[in-house]
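Residue numbers (our numbering), protein chains in the order written: chain E, 1 to 347; chain S, 1001 to 1347.
All remarks here apply to the structure that follows.
Number of protein chains: 2
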Amino acid sequence: MSVHDDRQKTGRGGTSAPRGVTMAAVGRLAGVSQVTVSRALSDPSKVSPETLRRIREAIEVTGYVPNAVAGALASRRSKLITALVPSITNIVYSSMIQTFTGELRAQDYQILMSETGFDPKVEEAAVATHLSRRPDAVLLTGIHHSPQTRRMLLAAEIPVVELWDITDTPIDLCVGFSHVESGRAVARFCREAGYLRAATVSAGDERAIRRKDAFVREFGRPGGEAVQEVTYAGSASLVRGREALVRLLDEAGFRNGVVVCSSDLLAHGVVIEAAARGLEVPGEIAVVGFGDQDYAAHIVPSLTTVRVDREALGRVAAQAILARIEGGEPPPAVTDLGFEIIRRESA
Amino acid sequence: MSVHDDRQKTGRGGTSAPRGVTMAAVGRLAGVSQVTVSRALSDPSKVSPETLRRIREAIEVTGYVPNAVAGALASRRSKLITALVPSITNIVYSSMIQTFTGELRAQDYQILMSETGFDPKVEEAAVATHLSRRPDAVLLTGIHHSPQTRRMLLAAEIPVVELWDITDTPIDLCVGFSHVESGRAVARFCREAGYLRAATVSAGDERAIRRKDAFVREFGRPGGEAVQEVTYAGSASLVRGREALVRLLDEAGFRNGVVVCSSDLLAHGVVIEAAARGLEVPGEIAVVGFGDQDYAAHIVPSLTTVRVDREALGRVAAQAILARIEGGEPPPAVTDLGFEIIRRESA
DNA sequence: ATGAAAGCGCTAACAG
DNA sequence: CTGTTAGCGCTTTCAT
């Protein structure tokens, strides 16, 4: 008596545990070949209604889940887009990614995201890992990348979008706004609002520094006083904002001026510390934030800040990528979405 | 005169644009076969030093980036882990994912993340898409999933972790804490702190509702008053917290009691609204939050809240998955990391 | 409308 | 230490 062995073989000889259902298995059950199943899934109109029905039934019965890995290898299209952001817990970035993802998911793309901190070397390693997944496009944050990063991205010959900043020389495409212009605009706003004294509170983000520097230069023009600066190496937090005001008040004797912060979170900390000390905002200490987070309009006093349309940034980045991949109107290399100063009670 | 055509062929006949450098190309340049390159990359000790040197040089020269898609197909290991969270902009989830990712990246795993909102049907579709990438493990948020979701996950025969909640019947593993116990604990805390009146403010999250219901039941035991409830369908925000207090004050005549919120954000809104109306916290309105966010300790008055160690949750989830994949101590099916009530000034 | 064949770029097993 | 062979599960091309 012989034993009929119908198990799949793996590699050279030997058998293994049942791996996922394949298209071939679905085809067998539906009485068609594997290719027909492939067609039924990618373009049902290419298959007769009756065949389609049997295939669908077989898929249902077997619980078949397509293997996108094999599909990507064969078709050279992964339907994967990878994104690199400094931090996934920072709402500034995650809100852009949210709309970016939403827009692309509608076209069946998935987003693979990694954190890079603010270190170009970490970014470089992450780019290599990401490219190994053969994404159909890559999204980066910012415009400063190592030469090696640029080289790899260029060699990949896929759409690349640099988000959240602009430059005349993007790797491929960029969608953002001018941080220098934003710093300048806040300086002009403060001068026009009548503030003669200013201080800055910034986190260690390179772009925040660029905004701050632009602010300081513009505010310091004839008629303006030197600006006091507090800078933190790490990321922003409410407590850092509180600490910063303490330092400005106690160590630097700062009073009767405007404190310009690199984020709403820091600004909120300044506002809280001012309140805790019984200082009037904006009477004694005026405060300007950055980002226009949800809460900016609802704290007391409400926060004067810079609004950047992060949802639009994510959406436009996604659309630029789709235009490139799916063909059609070639997207502009540089998209400047600008910013807006929102004047509320705090300054 | 003849033209020498050395271009790679694709499919059956025809030529195409230069696709990425392959292992075979690297091997050719280094004077070895493709497998040797594969070995040099996966286990350098299996290759002679001189060969290794030549291969590394060839990789450098060509700018070779490994194709993880082909690797995954051949090895049946994708080095990919997928994660499903309700929202990527919510710090509660993103902070867990951050440590989860960090822990796994150290072992060369990448994390593919998607949002599910709070809809099991959306989650079901997302699980199918994720499984098509043949991940080595899957992370889900919460313990409530559609039968079809459970079926697919079970059929995939990979480690599955349900995070942020616990149950006796996980799909595979779960790492979290008891939301019911947390609601009860807050109720006991409030009773012991002497509050006789209570109100709840909750977002539409199923787990938040479960905490609230447990709170209401426990607080309402003999000697306790009925609890007034405000529930929002959507997600939490500072302004919703402010609105909630307005409703409790103006519509329900709530006074001299404790307002228990489903998140620190809502609690912060309540605190701000109370301050805006000149009400004393905790004197006239006491407030309890949930989550112990960064800012909870630094707003004025500081927030009494429930702390959950989100970093530990992400870390333990990652370690459980690694234990499963890499072998070794089998991880416990259920890990309860508990919670802690942090008493500060607001209640 | 359907099928057969060839290959995507790699890893796994076996043989030297 | 290195090479050969046989797939992984699909898509693409060509033929019917």
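The beta carbon of each residue, even a glycine, is placed where N, CA and C say it ideally should be.
Pairwise C-alpha distance: residue j and residue i
i, j, result
"residue 1320 of chain S", "residue 84 of chain E", "26 Å"
"residue 276 of chain E", "residue 286 of chain E", "15 Å"
"residue 21 of chain E", "residue 1147 of chain S", "19 Å"
"residue 1210 of chain S", "residue 1183 of chain S", "8 Å"
"residue 1346 of chain S", "residue 259 of chain E", "28 Å"
"residue 243 of chain E", "residue 1298 of chain S", "11 Å"
"residue 1196 of chain S", "residue 1153 of chain S", "46 Å"
"residue 1111 of chain S", "residue 1082 of chain S", "5 Å"
"residue 1330 of chain S", "residue 1158 of chain S", "14 Å"
"residue 172 of chain E", "residue 97 of chain E", "19 Å"
"residue 1239 of chain S", "residue 1095 of chain S", "23 Å"
"residue 1090 of chain S", "residue 1034 of chain S", "46 Å"
"residue 71 of chain E", "residue 23 of chain E", "11 Å"
"residue 1065 of chain S", "residue 292 of chain E", "40 Å"
"residue 1249 of chain S", "residue 1134 of chain S", "53 Å"
"residue 1036 of chain S", "residue 1206 of chain S", "54 Å"
"residue 188 of chain E", "residue 231 of chain E", "21 Å"
"residue 1121 of chain S", "residue 1149 of chain S", "9 Å"
"residue 17 of chain E", "residue 1318 of chain S", "Any reading at residue 17 of chain E must be qualified, since the residue scores a pLDDT of 46, below 50, and its modelled position is unreliable; the value itself is stated next. When rounded, the distance between both Cα atoms is 25 Å."
"residue 1342 of chain S", "residue 1069 of chain S", "47 Å"
Sheet register partners of residue i (DSSP bridge)
i, result
"residue 140 of chain E", "E:162"
"residue 336 of chain E", "E:176"
"residue 269 of chain E", "None, per the DSSP bridge assignment."
"residue 1258 of chain S", "S:1198 and S:1286"
"residue 1291 of chain S", "S:1307"
"residue 342 of chain E", "E:305"
"residue 231 of chain E", "E:202"
Residue i classed as buried or exposed, judged by whether at least 16 other C-beta atoms fall within 10 angstroms
i, result
"residue 255 of chain E", "exposed"
"residue 1252 of chain S", "exposed"
"residue 1280 of chain S", "exposed"
"residue 1086 of chain S", "buried"
"residue 169 of chain E", "exposed"
"residue 327 of chain E", "exposed"
"residue 108 of chain E", "exposed"
"residue 1282 of chain S", "buried"
"residue 61 of chain E", "exposed"
"residue 332 of chain E", "exposed"
"residue 117 of chain E", "exposed"
"residue 1262 of chain S", "buried"
"residue 1192 of chain S", "exposed"
"residue 1226 of chain S", "exposed"
"residue 57 of chain E", "exposed"
"residue 1048 of chain S", "exposed"
"residue 132 of chain E", "buried"
"residue 1075 of chain S", "exposed"
"residue 233 of chain E", "exposed"
"residue 46 of chain E", "exposed"
"residue 1031 of chain S", "exposed"
"residue 1324 of chain S", "buried"
"residue 176 of chain E", "buried"
"residue 162 of chain E", "buried"
"residue 1218 of chain S", "buried"
"residue 119 of chain E", "exposed"
Residue i CB to nearest heavy atom of the ligand ATP below 7 Å
i, result
"residue 1154 of chain S", "Ligands are entirely absent from the displayed structure, and the ligand ATP is therefore not among its contents."
Ordered list of beta strand (DSSP E) runs contained in the stretch 1173-1229 of chain S, each at least 3 residues: 1173-1176 and 1198-1202
For the stretch 231-250 of chain E, enumerate the residues whose C-beta is nearer than 8 Å to any C-beta of chain S, in chain order. 237, 238, 239 and 242
Counting only runs of 4+ residues fully inside the stretch 64-119 of chain E, write out the alpha helix (DSSP H) ranges in chain order. 68-75 and 91-105
With 8 Å as the C-beta to C-beta threshold (strictly closer), list the residues of the stretch 291-315 of chain E near chain S in chain order. 294, 295, 297, 298, 299 and 300
Using a Cβ-Cβ cut-off of less than 8 Å, give me the residues of the stretch 40-66 of chain E that come near chain S, in sequence order. 63, 65 and 66
Residues in the stretch 94-118 of chain E having any Cβ partner in chain S nearer than 9 Å: 94, 95, 97, 98, 101, 102, 105, 108, 110, 111, 112, 113, 114 and 115
With 7 Å as the C-beta to C-beta threshold (strictly closer), list the residues of the stretch 1122-1145 of chain S near chain E in chain order. 1128, 1129, 1131, 1132, 1133 and 1134
If you measure beta-carbon to beta-carbon, which residues of the stretch 257-270 of chain E are closer than 9 Å to chain S? 265, 268 and 269
For the stretch 170-203 of chain E, enumerate the residues whose C-beta is nearer than 9 Å to any C-beta of chain S, in chain order. none
Hey, which unbroken runs of the alpha helix (DSSP H) at 4 residues or more fall wholly within the stretch 1027-1070 of chain S? 1034-1042 and 1049-1062
Residues in the stretch 1274-1291 of chain S with C-beta within 9 Å of chain E's C-beta atoms, listed in sequence order? 1275 and 1276
Output, in sequence order along the chain, the residues in the stretch 1147-1168 of chain S whose CB is closer than 8 Å to any CB in chain E. 1151, 1152, 1155, 1156 and 1157
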